[in-house]
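> Quick one: the structure is below, and I'll ask about it shortly.
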Amino acid sequence: MYLVERDAQLSELADRMGATSARRGEFLAVSAPVGCGKSALLEAASAHARTQGIRVLSVDGPEPEGPAVVDVVGAVRDALRDTTDTEPPTTPTALADHLLALASAEPLLLVVDDAQLTSPDSTKLLRELARRLDSAPLRVLVSDFRRAADSHDSRHGVALFPRSRRRSFTLGPLTRGGVAALLRNRLDREPPVVLVDELLAVTGGNPLLLQALLDDAVAAGEEDRDEPVYGPSFAATVLTRLRPADCPTTADVVEAVAVLGPFCNRERLARVVELAPRELHRALDGLTGSGVLSPGLVLHPRVRDVLTGAMDHEAARRLRLRTAEVLYEDGAPAEHIAQHLLAAGTAPQPWAVGILGEAADHATRRHHYQHAIALLKLASDGCTDNLTRVEVHAKLLDITWWMDPDLVSRRLNSLVASAREGNLSGRWLSRLSRRLAWQGRADEADEVFAMARAGRPNDPETRIEFALTDFWLRHVFPGMPHAECCDGCKLSPEMIIGGFPWLRSASELPGLLTGGEQEPVTRRAEEILQRARPDHTDLEAAQVALFSLLAAEQLDADGLRSVQAAVEAGGAPVPARWTAMLSVAQGVVDLWRGDPAGTVRSVESALDLLDAPKWGILLGLPRGLKLLAMTEQGRHQEVEEELSQPMPAFFARSPYGLVHLRARGRHHLATGGLRAALDDFRSCGDILQSWKTELPGLVPWRLDLAETLLRLGEREEARVRIDEHLDLFPAPNARTRGIALRLRAMASPMGRRAAGLRESAVVLERSGDPLELARTLGALTQTYQLTGDLNYGRRTLRRAERLAMECGGVRALEEIRTPATRQTPAPSPAPTIRPPAPAQPTPRTPVTQDKSAATQAPWTAGGPALTLAEGKVASLAAEGYTNREIADALYVTASTVEQHLTRIYRKLKIRRRSELGARVNVR
562 MYLVERDAQL SELADRMGAT SARRGEFLAV SAPVGCGKSA LLEAASAHAR TQGIRVLSVD
622 GPEPEGPAVV DVVGAVRDAL RDTTDTEPPT TPTALADHLL ALASAEPLLL VVDDAQLTSP
682 DSTKLLRELA RRLDSAPLRV LVSDFRRAAD SHDSRHGVAL FPRSRRRSFT LGPLTRGGVA
742 ALLRNRLDRE PPVVLVDELL AVTGGNPLLL QALLDDAVAA GEEDRDEPVY GPSFAATVLT
802 RLRPADCPTT ADVVEAVAVL GPFCNRERLA RVVELAPREL HRALDGLTGS GVLSPGLVLH
862 PRVRDVLTGA MDHEAARRLR LRTAEVLYED GAPAEHIAQH LLAAGTAPQP WAVGILGEAA
922 DHATRRHHYQ HAIALLKLAS DGCTDNLTRV EVHAKLLDIT WWMDPDLVSR RLNSLVASAR
982 EGNLSGRWLS RLSRRLAWQG RADEADEVFA MARAGRPNDP ETRIEFALTD FWLRHVFPGM
1042 PHAECCDGCK LSPEMIIGGF PWLRSASELP GLLTGGEQEP VTRRAEEILQ RARPDHTDLE
1102 AAQVALFSLL AAEQLDADGL RSVQAAVEAG GAPVPARWTA MLSVAQGVVD LWRGDPAGTV
1162 RSVESALDLL DAPKWGILLG LPRGLKLLAM TEQGRHQEVE EELSQPMPAF FARSPYGLVH
1222 LRARGRHHLA TGGLRAALDD FRSCGDILQS WKTELPGLVP WRLDLAETLL RLGEREEARV
1282 RIDEHLDLFP APNARTRGIA LRLRAMASPM GRRAAGLRES AVVLERSGDP LELARTLGAL
1342 TQTYQLTGDL NYGRRTLRRA ERLAMECGGV RALEEIRTPA TRQTPAPSPA PTIRPPAPAQ
1402 PTPRTPVTQD KSAATQAPWT AGGPALTLAE GKVASLAAEG YTNREIADAL YVTASTVEQH
1462 LTRIYRKLKI RRRSELGARV NVR
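Take a look at the structure:
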């Protein structure tokens, strides 16, 4: 046995037990908290005595699984019988005489471990020996004999020996150096600092627990491991030593400490175990003296887990319920009280349902939905009235909705029935209305919300719920009549500034998508996104803001990156719905940047995060967006198959569904179904006009309708729709404005067409959509062919084809290569491209603006290079732009353009503008 930090005690014991140290007897008592090595010290002292010729009679403590009694009389008689072949006396007094007689003849040491557990006869024997120590050189070495604050309760109320012949030794936990020394001896290596620190933290320096952990490491063959091995030896030692069978009070106290955890203090602990202060003080002093329990009454989690995991089920249930009661009386946080109720598996107290509901709200805010559901199920079991039970079920379904909306949809009917019976409060009626809206059940959502408004709430929480439901219903069902909120539902700023600072902006936003100036939409949406947190409470507001920015054509790649960075800034896990929502927004931005393959990837990523049923009323946006991108890629057969899948009947009642309706129309337009496309686009327009809503970024129905009408030869109506769009949305560099200018040019007489197309190209280049720019350049090519400007046409065609191929725009490339109506001499054959395979889209470098006309200085082979400014002017002039158009595109004066052209002609040695196309390089 290797003893650490016990040399002084062992040395003094050896001196006092020496044969020549005294002629009188002596009582030696070793006192130590549980597990601090008193038995090991007694063994070492006994071994040393034997080496000195001292006869040792040892009486061990009780076995861990046996009766908690030490029979000194029986053990001594057995030892004497084995060594003397005579029958020893049976009574304590006679046995004491016999021992003293032996001690007079030869040195004798009686060692008794756990002396506080001696039987009545054994106690009489020890008292008799203690009384007569002055008459014989008998040494009695005991452990845990005296009643002491740092030992277990003694069953003996008086001292068994006189103070004059007594020497006491007190042991405690090991220091950090002692822990390191013990590890060094057992592991036969220098222990790493991290291992020493961890073992000291777990055991508090308790030698017995340290030895148990080292036994587990050796048994597992992991002596070289730099972290503890928690095995059966550790668990068994914790249970047998911290819950001693001989001291149920200590066992009760340590289990209560384990259950209370961080909320443990002496006053609260006394109420949980219902002990008098003196008894509690004695038990705690023994535990803290062992090092296992810190002075702050904290157990290491490893020790706590062993204790709580081994508790008897019924005893654990009672202790958990009592702990919950004490914590409730002290006003502890609901989530900590609920933890004990959940562990007990029952909630019989009248206050328990409210506590469980509050804790479920806290768990939901932290995205711990499964835990919240478990709390609410327990609350439901504890409900004593039907109204409370219905409200708990409503909360349960509301949280379940975040995990599986499809599962909740099958349970909403029972809540709707309860609502009609008057069993739901206004707060939960309002929330139920939103869940019905998410599922597309517009009429029921309106009905339930009307019930809620009729209640005229007074509490702020319900008023806030009403405001949340109001803006969400107006957003997803803009065509549904909405009643004004009741007077009692209005919110003052102090009600919302804390938890819902974005609520006022969110309430205004659905009514701003009416066309005209888009700055109010942008301002309100950005206010929401800057303040919203990535959790379930703010999801609907963030969804409204993001959709509004997309619908108003006010979100670019930089803006989306800012939103994504703000969402991730908190460091907390981002819910899947938020991530999916941002992925769809990325898909829209990708489409606006001429990257249909990127759009497909973004949308598929969003649909992987949330399958179709979980999108509910929003499904039309990702599905429609994907169809639009696939149509641009020329994947018409796949789009046809997608369109064969039915959409829910409610999809056209929401602006999200109109994106899907528009995608169907674009597919018809691309595949020659002009009348079907016309019908879809007119339907989009009729629905949006009935809602008094405009969505130019997602559903530019006037432009789609005008393009179809032009294909059908109906130019007059097409021009009307185009002019309506341009009047409603005057933003100078908007992508849809560039498309509108192209369509207006195509509806114009041939003499004005090229100028209009060049204006469209300038706008589209500034907006950053190379795919739509390619379409405009293709139309400009055909115009040049029809007007005989073949030099301009060839150069423009090459640029249009290059842009379309870079974007993977198969459909745009087909349009570009469609011959003009009136046959003209054809340009040299252009290269062809293969449509990209769906699974492996054609890779492309993202292009925000085509820079061929703005970043490269053209030159002639072997000729003088032009400056950058001259190159820009030369490129545009080679494509047929007038001086005024070049000036507008480059933000310079017409005079500056004329001066550049003069120098260009001189350097390139040409005389006229038409010669530029053959002399200027094209990217």
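If you read the sequence shown in our numbering, its first letter stands for residue 562, the second for the next number, and so on. For every residue, glycine included, the Cβ atom is placed at its ideal position computed from N, Cα and C.
1. Take Cys1245 and list the residues in its own chain whose beta-carbon comes closer than 6 Å to its own, dropping the five residues that flank it on each side.
2. Please classify Thr949: does DSSP put it in a helix, a strand, or coil?
3. Rounded to a whole number of angstroms, what is the C-alpha to C-alpha distance between Val779 and Leu958?
4. Classify Leu589 as helix, strand or coil using the three-state DSSP reduction.
5. When the distance is taken between beta carbons, is Leu735 closer than 8 Å to Glu784?
6. What are the start and end residues of the beta strand (DSSP E) that includes Leu699?
7. Verify whether the separation of the beta carbon atoms of Ala1130 and Val1150 is less than 8 Å.
8. Just how far apart, CA to CA, sit Ala871 and Leu800?
9. Under the three-state reduction of DSSP, which class applies to Leu671: helix, strand or coil?
10. Is it right to say Trp912 is buried, meaning 16 or more other beta carbons lie within 10 angstroms of its own, or is it exposed?
11. Leaving out the 5 sequence neighbours to the left and right, which residues in its chain are closer than 7 Å to Gly802 when beta-carbon positions are compared?
12. Could you check the C-alpha separation between Thr1403 and Leu1469 for me, to the nearest Å?
13. Go ahead and pull the three-state DSSP assignment for Ser729.
14. So what does DSSP say about Ser851, is it helix, strand or coil?
15. In the DSSP assignment, what residue or residues form a beta bridge with Ser619?
16. Does the contact criterion of 3 or more C-beta pairs under 8 Å hold for the region 976-987 versus the region 996-1009?
17. Find out if the Cβ-Cβ distance for the pair Ser851, Asn984 is shorter than 8 Å.
18. Checking 8 Å against the spacing of the C-beta atoms, do Gly1258 and Ala1112 come in under that value?
19. Could you tell me the alpha carbon to alpha carbon distance between Asp873 and Thr810, rounded to whole angstroms?
20. What's the C-alpha gap between Leu1170 and Asp1020?
21. Check whether the region 876-888 and the region 824-835 touch, using three or more Cβ-Cβ pairs below 8 Å as the test.
22. Under 8 Å, with one C-beta from each stretch per pair, do the region 600-609 and the region 649-657 reach the 3-pair mark?
23. Which residue wins for smallest C-alpha separation from Met1191, given the options Ala1213, Gly1274 and Ala1373?
24. What is the DSSP secondary structure of Thr1098, reduced to helix, strand or coil?
25. Taking Ala1213 as the reference, give the member of Gly1185, Cys944 and Val1164 with the closest Cα.
26. Helix, strand or coil, according to DSSP, for Val1260 in the structure here?
27. State the DSSP-derived secondary structure class of Val790, mapped to helix, strand or coil.
28. For Arg988, count neighbouring Cβ atoms within 10 angstroms of its own Cβ and tell me buried if that reaches 16, exposed if not.
29. Determine whether the beta carbon atoms of Leu760 and Val740 lie at a separation below 8 Å.
30. Among the residues of its own chain, which have a CB less than 7 Å from the CB of His897, if the five just before and after it don't count?
31. Use the C-beta contact count for Leu1230: other C-beta atoms within 10 angstroms, 16 or more gives buried, fewer gives exposed.
32. Would you mind sorting Pro1207 into buried or exposed? The rule is 16 or more other CB atoms within 10 Å of its CB.
33. Please state the DSSP three-state secondary structure of Val565.
34. Give the straight-line distance between the Cα atoms of Ile1447 and Gly1441, rounded to the nearest whole angstrom.
35. For the alpha helix (DSSP H) holding Trp1444, just list the boundary residues, first then last.
36. If contact is defined by three or more beta carbon pairs under 8 Å, each pair taking one atom from either stretch, is the region 619-634 in contact with the region 660-673?
Based on what the coordinates show:
1. Leu1219, Leu1222, Arg1223, Val1260 and Trp1262
2. helix
3. 51 Å
4. strand
5. No, Cβ-Cβ distance for Glu784 and Leu735 is not below 8 Å.
6. Leu699 to Ser704
7. no
8. 8 Å
9. It is a strand residue.
10. exposed
11. Correcting the residue identity first, residue 802 is Arg in this sequence and not Gly. Only Val595, Gly596 and Leu769 meet the Cβ criterion.
12. Since pLDDT at Thr1403 reaches only 41, below the 50 mark, its modelled position is unreliable, and the value read off the structure follows with that caveat. Their backbone Cα atoms lie some 38 Å apart in a straight line.
13. strand
14. Shown here, Ser851 sits in coil according to DSSP, grouped into three states, outside any helix or strand.
15. Ser619 pairs with Val672.
16. Counting Cβ pairs under 8 Å, three or more are found: they touch.
17. Between Ser851 and Asn984, the C-beta gap is not smaller than 8 Å, which leaves the two residues out of contact.
18. yes
19. Distance between the alpha carbons of Asp873 and Thr810 is about 16 Å.
20. 37 Å
21. yes
22. no
23. Ala1373
24. coil
25. Gly1185
26. In the structure shown, Val1260 sits in coil (DSSP, three-state: anything other than H, G, I, E or B).
27. coil
28. Flag for Arg988 reads buried.
29. Yes; because the gap between Cβ atoms is below 8 Å, this pair is in contact.
30. Phe824 and Leu888
31. In the assembly as shown, Leu1230 is a buried residue. Its beta-carbon has 16 or more other beta-carbons within 10 Å.
32. exposed
33. Of the three classes helix, strand and coil, the one that applies to Val565 here is coil, per DSSP.
34. 10 Å
35. The residue asked about is misnamed: residue 1444 is Asn in this sequence, not Trp. Unbroken alpha helix (DSSP H) run through Asn1444: Asn1444 to Leu1451.
36. yes
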